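Residue numbers (this note's numbering): 440 to 521.
Ideal placement from N, C-alpha and C gives every residue a C-beta, glycine not left out.
Here the structure is a predicted model, which means the values were calculated and not measured.
Quick notes on the structure that follows.
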């Protein structure tokens with residue numbers, strides 16, 4: 440499965456919401472794909488690690504603060520037309 444920029448943008452928005460409102464794994468799993476989260480984690484726009492278990496469930500862990508890096512903040516502004 441290919442992960443497109445729009446998938447990564449969506450994952451960034453979901454992760455930013457999680458950083459702001461507190462982690463909700465159910466919302467995370469329902470709002471984006473593992474592949475998009477994995478790709479986002481490798482961009483340097485957010486500080487987290489995501490792992491998928493054989494059951495299909497995710498483990499999501501923040502690894503540093505700030506959770507959303509300056510590049511991620513800038514991309515969020517671009518997405519929202521700011």
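In this structure, the beta-carbon distance from residue 473 to residue 480 does not fall below 8 angstroms. The Cβ neighbour count for residue 503, taken over all protein chains shown within 10 Å, is under 16; the residue is labelled exposed. Taking the Cβ atoms as the reference, residue 475 lies roughly 4 angstroms from residue 446, within the contact range of under 8 angstroms.
Selection 495, 501, 491 and 443 evaluated against residue 457 yields 501 as nearest (Cα-Cα). Along the length of the region 442 to 509, whole alpha helix (DSSP H) runs at least 4 residues long occupy 444 to 460, 464 to 470 and 473 to 480, reported in chain order.
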